[in-house]
(Lines of atoms letter the chains of each structure in order from A and count residues from 1; the text may use other names and numbers.)
(Lines give C-alpha, C1' and ligand atoms only; values in the text may rest on other atoms or scores of the structure.)
Protein backbone atom coordinates (compact mmCIF):
# COMPACT_ATOMS: atom_id res chain seq x y z
CA UNK A 1 0.00 0.00 0.00
CA UNK A 2 2.84 2.43 0.79
CA UNK A 3 4.53 1.65 -2.53
CA UNK A 4 1.30 2.28 -4.41
CA UNK A 5 0.80 5.59 -2.59
CA UNK A 6 4.38 6.67 -3.37
CA UNK A 7 3.94 5.68 -7.01
CA UNK A 8 0.77 7.77 -7.28
CA UNK A 9 2.20 10.78 -5.44
CA UNK A 10 5.24 10.91 -7.76
CA UNK A 11 3.21 10.68 -10.97
CA UNK A 12 2.15 14.15 -12.18
CA UNK A 13 -0.84 12.76 -14.10
CA UNK A 14 -2.27 11.28 -10.91
CA UNK A 15 -2.31 14.55 -8.97
CA UNK A 16 -5.40 16.60 -9.80
CA UNK A 17 -6.87 19.73 -8.23
CA UNK A 18 -10.21 18.05 -7.55
CA UNK A 19 -11.70 15.86 -4.86
CA UNK A 20 -14.68 13.57 -4.59
CA UNK A 21 -16.17 13.41 -1.11
CA UNK A 22 -18.78 10.88 0.01
CA UNK A 23 -21.18 11.42 2.88
CA UNK A 24 -23.20 9.00 4.96
CA UNK A 25 -26.36 11.05 4.69
CA UNK A 26 -27.98 13.45 2.26
CA UNK A 27 -28.20 16.00 5.05
CA UNK A 28 -24.40 16.04 5.50
CA UNK A 29 -23.89 16.41 1.75
CA UNK A 30 -26.39 19.27 1.56
CA UNK A 31 -24.79 21.11 4.48
CA UNK A 32 -21.32 20.78 2.96
CA UNK A 33 -22.46 21.84 -0.51
CA UNK A 34 -24.24 24.94 0.77
CA UNK A 35 -21.77 26.26 3.34
CA UNK A 36 -18.63 28.29 2.79
CA UNK A 37 -15.57 26.23 3.66
CA UNK A 38 -12.85 28.90 3.38
CA UNK A 39 -12.54 32.66 3.77
CA UNK A 40 -12.16 33.09 0.02
CA UNK A 41 -15.27 31.55 -1.55
CA UNK A 42 -13.55 31.00 -4.91
CA UNK A 43 -10.88 28.70 -3.47
CA UNK A 44 -13.18 25.74 -2.91
CA UNK A 45 -16.14 25.34 -5.21
CA UNK A 46 -18.59 22.62 -4.27
CA UNK A 47 -20.89 20.95 -6.76
CA UNK A 48 -23.09 17.91 -6.67
CA UNK A 49 -21.08 15.07 -8.16
CA UNK A 50 -22.41 12.46 -10.54
CA UNK A 51 -22.62 8.83 -9.57
CA UNK A 52 -19.18 7.14 -9.61
CA UNK A 53 -20.32 4.79 -12.37
CA UNK A 54 -21.25 7.83 -14.51
CA UNK A 55 -17.74 9.35 -14.36
CA UNK A 56 -15.33 8.56 -17.19
CA UNK A 57 -12.25 8.36 -14.95
CA UNK A 58 -9.73 8.45 -17.82
CA UNK A 59 -10.81 12.02 -18.68
CA UNK A 60 -10.11 13.46 -15.24
CA UNK A 61 -6.36 14.11 -15.67
CA UNK A 62 -6.78 16.07 -18.95
CA UNK A 63 -5.00 19.42 -18.46
CA UNK A 64 -7.05 22.62 -18.49
CA UNK A 65 -5.08 23.95 -21.47
CA UNK A 66 -6.01 20.91 -23.52
CA UNK A 67 -9.67 21.29 -22.54
CA UNK A 68 -9.61 24.98 -23.51
CA UNK A 69 -8.07 24.16 -26.90
CA UNK A 70 -10.68 21.47 -27.51
CA UNK A 71 -13.50 23.86 -26.62
CA UNK A 72 -12.06 26.47 -28.99
CA UNK A 73 -11.79 23.96 -31.84
CA UNK A 74 -15.38 22.85 -31.31
CA UNK A 75 -16.62 26.46 -31.21
CA UNK A 76 -14.78 27.36 -34.44
CA UNK A 77 -16.03 24.21 -36.18
CA UNK A 78 -19.59 24.96 -35.03
CA UNK A 79 -19.34 28.52 -36.36
CA UNK A 80 -18.07 27.45 -39.79
CA UNK A 81 -20.57 24.59 -40.12
CA UNK A 82 -23.42 26.91 -39.20
CA UNK A 83 -22.20 29.68 -41.51
CA UNK A 84 -21.64 27.43 -44.53
CA UNK A 85 -24.96 25.65 -44.06
CA UNK A 86 -26.85 28.94 -43.91
CA UNK A 87 -25.83 30.01 -47.43
CA UNK A 88 -27.22 26.94 -49.27
CA UNK A 89 -30.29 26.85 -47.04
CA UNK A 90 -31.03 30.51 -47.73
CA UNK A 91 -30.64 29.89 -51.47
CA UNK A 92 -32.95 26.89 -51.44
CA UNK A 93 -35.45 28.76 -49.30
CA UNK A 94 -35.47 31.65 -51.76
CA UNK A 95 -36.34 29.17 -54.50
CA UNK A 96 -39.05 27.58 -52.39
CA UNK A 97 -41.62 30.20 -53.28
CA UNK A 98 -42.85 30.93 -56.78
CA UNK A 99 -41.51 34.48 -56.94
CA UNK A 100 -38.03 33.28 -56.06
CA UNK A 101 -38.07 30.71 -58.84
CA UNK A 102 -39.22 33.36 -61.34
CA UNK A 103 -36.37 35.66 -60.31
CA UNK A 104 -33.71 32.93 -60.41
CA UNK A 105 -34.89 31.30 -63.63
CA UNK A 106 -36.88 33.75 -65.80
CA UNK A 107 -37.16 31.17 -68.61
CA UNK A 108 -39.50 29.12 -66.38
CA UNK A 109 -41.99 32.00 -66.08
CA UNK A 110 -44.21 30.59 -68.82
CA UNK A 111 -44.40 27.19 -67.13
CA UNK A 112 -45.11 28.69 -63.70
CA UNK A 113 -47.99 30.83 -64.95
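Residue numbers (full-length UniProt numbering): 1 to 113.
In this text, a Cβ means the ideal position worked out from N, Cα and C, and glycines have one as well.
Residue i - containing alpha helix (DSSP H), residue span
{"i": "residue 94", "result": "64–96"}
{"i": "residue 9", "result": "2–10"}
{"i": "residue 26", "result": "26–34"}
Between the CA atoms of residue j and residue i - distance to the nearest angstrom
{"i": "residue 92", "j": "residue 108", "result": "16 Å"}
{"i": "residue 81", "j": "residue 100", "result": "25 Å"}
{"i": "residue 6", "j": "residue 88", "result": "59 Å"}
Proximity of residue i and residue j at Cβ, strictly below 9 Å
{"i": "residue 105", "j": "residue 94", "result": "no"}
{"i": "residue 52", "j": "residue 20", "result": "yes"}
Same chain only: Cβ atoms within 6 Å of residue i, ignoring 5 sequence neighbours per side
{"i": "residue 113", "result": "none"}
request  = Would you be able to state if there are at least three C-beta pairs under 8 Å between the segment 35–43 and the segment 55–65?
outcome  = no
message = For the structure I just gave you, are there three or more beta carbon pairs, one from the segment 21–37 and one from the segment 46–54, closer than 8 Å?
response = yes
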